[in-house]
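*Asks:* To convert, note that position 399 of the sequence shown is 399 in full-length UniProt numbering; the numbers rise steadily by one, no gaps. Okay, handing you the structure first.
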Amino acid sequence: MAAKLWRTLSASIWILTLASSSRTRIYPPNEVTLLDTRTVPGELKWAARPSEGGWEEVSIMDEKNIPIRTYQVCNVLGPNQNNWLRTDWIPRSGAQRVYVEVKFTLRDCNSLPGVTGTCKETFNLYYHESNEDRESYIKESSFIKVDTVAADESFTQVDVGDRIMKLNTEVRDVKVTNRKGFYLAFQDVGACIALVSVRVFYKTCPLTIRNLATFPDTVTGADTSSLVEVRGSCVNQSEEREEPKMYCGADGEWLVPIGGCLCNPGYEEKGGSCQACSAGFYKAKSSDIGCSKCPPHSHSLRDGANVCDCHSGFFRADADPPSMACTQPPSAPQQLISVVNETSVVLEWTPPRRLGGRSDIGYNVECLICQTGQSERRCLPCTPDVHFSPSQTDLLTTKVVVSELRAHTHYTFIVYARNGVSQASGSGAAQSASVSVTTNQAAPSPVSSIQVTDVTRHSLSLLWQQPDRPNGVILEYEVKFYEKDQRERSYRIIRTFLQSVDVTGLKPLTVYVFHVRARTAAGYGEYSSPFEFSTNSDPFPLIGEGVNSAFLLLSISGVGLLVLISAAVFFISRRRSKYSKTKQDSEEEKHLNPGVKIYVDPFTYEDPDQAVHEFAKEIDVSSIHIEKVIGMGEFGEVCSGRLRVQGKRETYVAIKSLKAGYSDKQRRDFMSEASIMGQFDHPNIIRLEGVVTRCKYSLCSSLIQLIGMLRGIASGMKYLSDMNYVHRDLAARNILVNSNLVCKVSDFGLSRVLEDDPEAAYTTREATGSYLSPGGKIPIRWTAPEAIAYRKFTTASDVWSYGIVMWEVVSYGERPYWDMNNQDVIKAIEEGYRLPAPMDCPVVLHQLMLDCWERERAERPTFSQILNMLDKLIRNPGTLRRTGGDRSPGTLLESGVGSGVCVSVIPELCLPQWTLCEWLQSIGLERYRDTLAAAGYTSLDSLLALTHQEMDRLGIITPSHQDMLIASVQQELLSRMQHMQHSMVPV
């Protein structure tokens with residue numbers, strides 16, 4: 001009965017198989033087949049266990065008479081079935097995940113009588129990896145189960161004509177990456193089943209071209225969710241725009257294209273490839289969309305051109321883009337005319353008739369001095385001192401003024417018209433026009449310098465050189481002079497044929513202003529610039545070439561006889577300290593030779609201040625009247641002035657000062673020089689009248705006046721900033737001061753009005769030269785870094801300039817950055833350098849300057865804030881008493897009450913709580929003192945409650961400043977606690 005059932009079931013399976021096998025299937029292009037039983041010729045001969053009564057290979061013919069090899073099993077009557085079928089060894093060919101497609105039919109157990117409990121409707125799929133095919137038998141323990149496979153459709157009866165039943169198709173994927181190949185195995189556990197076909201394949205992302213990049217056929221990853229990154233290669237005649245990449249997905253689809261390629265110059269994209277531009281077309285850059293037709297007056301005779309060649313007689317400048325038409329040089333300038341005015345010539349012309357198709361027309365002017373000889377005409381270039389206005393080359397106008405020419409001289413001027421292709425064409429000399437002129441007789445140029453040779457109480461002897469350009473024979477000189485105080489309201493004139501004159505009948509100790517001019521047959525030239533000289537108080541003249549300011553010598557009258565002596569007053573800062581025993585030793589030496597004064601070396605004193613006060617007399621600063629600067633000494637400016645000592649007549653003295661920013665060595669040397677001079681008393685040795693070291697009261701009172709002047713400037717600038725107006729040239733030279741010290745901001749030549757937006761900035765245009773703007777040269781020493789680098793002018797850049805003005809005022813007119821050149825100034829500021837505090841400058845004033853010089857313009861104070869700060873300083877002059885030299889670094893928090901100075905919008909904060917202000921100043925965040933005070937943070941302990949959110953609310957939004965505040969206050973309080981612990985003594 002079992003054999004009969006088997007044959008019946010087998011017949012039904014084959015009928016179904018034959019009916020279903022007539023269908024053909026086309027596989028997707030991204031699937032690579034490793035095994036397909038329908039295409040294997042002959043028998044499969046897979047290993048089966050048991051070899052008898054289990055899986056059986058059956059071959060049938062389909063409707064096209066093509067044999068199909070199948071395996072069947074139908075042991076449904078016996079219990080505990082374990083029938084194995086193993087494929088041959090399958091090489092994985094680089095695949096990391098393979099797919100197994102099984103087509104099978106299965107009989108419904110319910111349609112089989114008497115098989116309850118033994119019939120199954122599933123089978124199991126296994127695999128085993130191996131490096132080679134050497135498995136001769138099935139070793140079940142080495143196989144790994146893939147899945148249990150069940151049928152979606154099953155048949156219930158044997159009916160040859162039944163076409164309703166469907167073939168089951170199941171696909172399972174297996175990760176295979178450890179060995180070169182693998183086996184598949186099918187386990188039957190008691191089903192009536194027929195394997196119609198088995199196909200094993202893996203997936204790839206097929207070869208494709210995307211964004212002009214070729215991506216090769218790529219095997220998918222080992223995991224179902226893995227993406228394999230693939231780098232593409234540009235197609236022929238293309239280059240990378242951005243590295244081309246795509247990702248191969250597990251399903252064999254390309255994903256996420258990135259980057260791509262562009263066709264090379266001369267090629268354009270067509271159908272996923274790069275094809276050459278045809279003749280008459282070009283493509284200059286890879287980024288161009290496609291080929292373009294050649295511009296006018298150009299052509300391309302070959303395929304793949306990246307630029308079109310110009311026609312004969314046409315040219316292209318180096319800076320011209322390939323898309324621009326080829327152009328020609330201009331023709332010569334037209335209607336060149338000249339107008340001679342003594343030794344100046346005005347040249348005018350009209351533009352060339354033909355501009356060559358360009359708009360960058362310019363002109364150059366050549367100047368020649370031509371002399372006609374007996375046989376030839378010889379021309380030489382003009383001398384370099386000839387002046388052209390606006391310039392000699394690269395002229396954009398059709399007019400130029402040539403001056404500083406010689407009188408009665410023949411000149412030839414050649415005007416060249418040029419454009420961007422003149423040099424390329426090599427025919428620049430042809431586009432010119434010329435004119436010859438003869439200059440007239442002219443007045444002489446001004447006298448450049450005047451020297452004084454002799455000085456008495458009532459006379460001065462002057463000497464000068466002939467003008468640089470006499471322009472003829474000098475007939476006479478005219479000397480005009482007047483008292484400086486008269487300001488030319490009453491002057492006298494002396495005429496002489498010589499280059500010197502003795503001026504008599506002058507007042508003693510009076511400053512006179514002198515001008516000299518020369519006359520030729522053409523008339524008088526211009527007066528020289530003013531030169532100031534002063535008469536002496538001594539009735540006898542000084543011998544030699546006048547007063548040599550380098551030695552700081554000026555004559556004064558002695559008592560009882562006429563001698564030559566000098567005086568000097570030294571401005572130095574006060575500093576107290578003890579002196580060493582060396583001074584006592586020097587005193588003992590004096591007693592060794594009674595009646596003889598012995599020189600004491602000031603360098604033997606430990607403190608130079610003590611040596612100065614030992615040998616020099618202190619003079620009240622109110623007794624000194626400074627008149628003018630007469631030179632520069634080693635330590636600072638040398639001025640002339642008058643000394644009025646009570647009970648003595650007024651004397652004319654030289655005043656030597658110590659410049660701002662001095663070093664300790666310079667100060668010691670300066671004071672030592674005073675100590676040396678103070679020991680000498682001889683009619684032929686320079687005499688020291690005294691020193692000024694105690695001027696604190698005077699300084700404070702004058703500082704209030706200076707701050708009042710600074711307040712006036714700040715008030716004026718606040719008015720301008722409120723009107724959204726930017727000055728751009730704020731400097732001390734542009735501040736006018738009346739007799740009441742009222743300051744007025746002037747000189748608006750560089751000013752620009754802002755837009756309605758307060759953050760708007762005026763941007764200057766680039767111009768020829770290093771630091772030029774439409775209004776002229778940018779004043780580097782007064783200009784903010786962003787205005788120099790990016791030509792961005794705002795009210796914040798005016799605040800930077802105001803800080804420089806503050807420094808100028810407090811340093812009494814010192815030149816910002818001294819003798820540094822502009823490039824050094826720019827580099828120093830970029831590296832963080834800022835001007836140091838001037839001598840005796842209060843800390844609060846210098847700090848305000850530093851606030852104005854913040855690198856970030858948003859962190860600089862406004863003029864309104866500056867005005868409020870200056871008002872507080874004026875109301876609280878006690879805050880001006882501490883200068884930069886009064887505090888040593890690192891001593892801010894040595895005591896419970898700080899010794900520093902703090903100015904705040906809340907006066908009550910600074911008087912009882914100096915420590916917080918000084919602490920903020922020590923970490924460079926004093927700009928937030930008012931903000932913290934207004935929020936109630938009045939001590940270091942209270943700052944412990946600060947959080948980032950609280951600082952955001954208060955307006956302290958810079959992350960680095962927030963971190964510095966929190967970290968610094970914790971560190972400071974921790975240091976205090978450690979100090980207290982170390983200082984405690986146990987009982």
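Even for Gly, the Cβ is constructed at its ideal location relative to N, Cα and C.
1. What are the complete beta strand (DSSP E) segments, minimum 3 residues, inside the UniProt domain "Fibronectin type-III" (446 to 538)?
2. Leaving out five residues before and five after residue 166 in sequence, what residues of the same chain have Cβ atoms less than 6 Å from its Cβ?
3. Assuming contact is defined by CB atoms lying nearer than 8 Å, are residue 174 and residue 98 in contact in what I supplied?
4. In this structure, does DSSP put residue 69 in helix, strand or coil?
5. Identify whether residue 846 lies in helix, strand or coil by the three-state DSSP scheme.
6. Is the region 701 to 714 touching the region 732 to 743 in the sense that three or more CB pairs, one from each, lie closer than 8 Å?
7. In terms of residues, what are the limits of the alpha helix (DSSP H) holding residue 870?
8. Could you compute how far the alpha carbon of residue 403 sits from the alpha carbon of residue 422?
9. Tell me the residue span of the alpha helix (DSSP H) that contains residue 822.
10. Exposed or buried, which one is residue 487 when buried takes at least 16 other CB atoms within 10 Å?
11. Going by Cα to Cα distance, which pick from 612, 179, 308, 318 is closest to residue 284?
12. So is residue 969 buried or exposed if we call it buried at 16+ other beta carbons inside 10 Å?
13. Using alpha carbons as the reference points, say which of 794, 463, 296, 835 lies closest to residue 860.
14. My guess is that residue 53 and residue 75 are in contact by the Cβ rule of under 8 Å, so how many angstroms apart are they, rounded?
15. Measure how close the beta-carbons of residue 351 and residue 325 come, nearest whole angstrom, since I'm counting them as under 8 Å.
16. Assign residue 602 to one of three DSSP states: helix, strand, or coil.
17. Tell me the DSSP bridge mates of residue 642?
18. Quick check: what's the CA-CA separation for residue 194 versus residue 93?
19. Checking 8 Å against the spacing of the C-beta atoms, do residue 354 and residue 331 come in under that value?
20. Enumerate in chain order the residues of its own chain whose CB-to-CB distance from residue 435 is below 6 Å, with the five nearest sequence positions on each side excluded.
21. Mind the definition here: the region 103 to 113 touches the region 135 to 147 only if three or more C-beta pairs lie below 8 Å; say whether that holds.
22. By DSSP, does residue 275 sit in helix, in strand, or in coil?
23. Going by CA-CA distance only, name the one from 230, 497, 841, 204 that's closest to residue 215.
24. Looking only at its chain, what residues have a beta carbon closer than 6 Å to the beta carbon of residue 444, apart from the 5 residues adjacent to it on each side?
25. Secondary structure at residue 49, three-state DSSP: helix, strand or coil?
26. Where does residue 191 sit, in a helix, a strand or coil, going by DSSP?
27. Can you give, in chain order, each stretch of the alpha helix (DSSP H) that sits fully within the UniProt domain "Fibronectin type-III" (329 to 442) and has at least 4 residues?
28. I'd like the list of long-range same chain contacts for residue 988, defined as Cβ closer than 7 Å, with 5 residues on each side in sequence excluded.
29. Do the region 797 to 817 and the region 722 to 736 touch if we need at least three Cβ pairs shorter than 8 Å?
30. Have a look at residue 392 and residue 362 and give me their C-alpha separation to the nearest angstrom.
31. In the DSSP assignment, what residue or residues form a beta bridge with residue 262?
32. Using DSSP with H/G/I as helix, E/B as strand and the rest coil, what is residue 229?
33. Straight-line CA distance for residue 532 to residue 865?
34. On the DSSP bridge list, what partners appear for residue 60?
35. What whole-angstrom Cβ distance do residue 200 and residue 184 have, given they're in contact under 8 Å?
36. What residue does the alpha helix (DSSP H) around residue 713 start on, and which one ends it?
*Replies:* Let me lay it out:
1. 450 to 455, 460 to 464, 476 to 483, 492 to 496, 500 to 503, 511 to 520, 531 to 534
2. Here residue 166 corresponds to residue number 166 of the sequence shown, with the count starting at 1. Cβ within range, chain order: 153.
3. Locating residue 174 in the sequence shown gives position 174, where the first residue counts as 1. Locating residue 98 in the sequence shown gives position 98, where the first residue counts as 1. Their beta carbons are under 8 Å apart, which means residue 174 touches residue 98 by this criterion.
4. Along the sequence shown, read from residue 1 onward, the residue named residue 69 stands at position 69. Strand, per DSSP.
5. Taking the sequence shown and counting its residues from 1, one reaches residue 846 at position 846. Reduced to three states, the DSSP call for residue 846 is helix.
6. yes
7. One-based indexing of the sequence shown puts residue 870 at position 870. Run containing residue 870: 863 to 875, per the alpha helix (DSSP H) assignment.
8. Position 403 of the sequence shown, counted from the start, is the residue given in the question as residue 403. Position 422 of the sequence shown, counted from the start, is the residue given in the question as residue 422. The straight-line gap from Cα to Cα measures roughly 28 Å.
9. Position 822 of the sequence shown, counted from the start, is the residue given in the question as residue 822. Here the alpha helix (DSSP H) through residue 822 covers 822 to 830.
10. Mapped onto the sequence shown, residue 487 falls at position 487. Exposed, because fewer than 16 other Cβ atoms sit within 10 Å of the Cβ of residue 487.
11. Residue 284 sits at position 284 when you count from the first residue of the sequence shown. If we check each option's Cα against that of residue 284, 308 comes out closest.
12. Taking the sequence shown and counting its residues from 1, the one referred to as residue 969 is at position 969. So residue 969 ends up on the buried side.
13. Start at 1 with the first residue of the sequence shown, and residue 860 comes out as number 860. Closest option to residue 860, Cα to Cα, is 794.
14. Residue 53 sits at position 53 when you count from the first residue of the sequence shown. Residue 75 sits at position 75 when you count from the first residue of the sequence shown. Going by Cβ atoms, the distance from residue 53 to residue 75 rounds to 7 Å, so yes, they are a contact pair.
15. Here residue 351 refers to the residue found at position 351 of the sequence shown. Here residue 325 refers to the residue found at position 325 of the sequence shown. Their Cβ separation, rounded to whole angstroms, is 20 Å, which puts residue 351 and residue 325 out of contact at 8 Å.
16. Reading the sequence shown from its first residue, position 602 is the one you call residue 602. In the three-state DSSP reduction, residue 602 falls in the helix class (H, G or I).
17. As a working note, residue 642 is residue 642 in the sequence shown. In the DSSP assignment, the residues bridged to residue 642 are 625, 652.
18. To locate residue 194, count along the sequence shown from 1; it is residue 194. To locate residue 93, count along the sequence shown from 1; it is residue 93. So the two alpha carbons sit approximately 29 Å from each other.
19. For this step, residue 354 is matched to residue 354 along the sequence shown. For this step, residue 331 is matched to residue 331 along the sequence shown. In this structure, residue 331 lies closer than 8 Å to residue 354 by Cβ.
20. Translated into positions along the sequence shown, residue 435 becomes position 435. Closer than 6 Å at the Cβ level, and outside the excluded window around residue 435, lie 336, 338, 413.
21. With a cut-off of 8 Å on Cβ pairs, the region 103 to 113 is not in contact with the region 135 to 147, counting fewer than three such pairs.
22. For this step, residue 275 is matched to residue 275 along the sequence shown. If DSSP states are grouped into helix, strand and coil, residue 275 belongs with the strands.
23. Numbered from 1 along the sequence shown, position 215 holds the residue referred to as residue 215. Among 230, 497, 841, 204, the Cα nearest to that of residue 215 is on 230.
24. Residue 444 sits at position 444 when you count from the first residue of the sequence shown. Result list for residue 444: 467, 470, 471, 518, 520, 525, in chain order.
25. As a working note, residue 49 is residue 49 in the sequence shown. Three-state result, residue 49: strand.
26. Within the sequence shown, the letter at position 191 stands for residue 191. In the structure shown, residue 191 sits in a strand (DSSP, three-state: E or B).
27. You should have 422 to 425.
28. Nothing about residue 988 can be reported from this structure: the residues present for the chain run from 1 to 987 only.
29. yes
30. As a first step, residue 392 must be located in the sequence shown, where it is residue number 392. As a first step, residue 362 must be located in the sequence shown, where it is residue number 362. Going from the Cα of residue 392 to the Cα of residue 362 covers about 11 Å.
31. If you number the sequence shown from 1, residue 262 lands on position 262. Beta-bridge pairing links residue 262 to 239.
32. The residue given as residue 229 occupies position 229 in the sequence shown. Here residue 229 sits in strand by DSSP.
33. The sequence position of residue 532 within the sequence shown is 532, counting from 1. The sequence position of residue 865 within the sequence shown is 865, counting from 1. Taking the straight line joining both Cα atoms gives about 44 Å.
34. Counted from its first residue, the sequence shown places residue 60 at position 60. Note: residue 60 sits in a beta bridge opposite 68.
35. By one-based count along the sequence shown, residue 200 stands at place 200. By one-based count along the sequence shown, residue 184 stands at place 184. So it is a contact: roughly 7 Å between Cβ atoms.
36. For the purposes of this step, residue 713 is taken as the residue at position 713 of the sequence shown. First-last of the alpha helix (DSSP H) with residue 713: 696 to 722.
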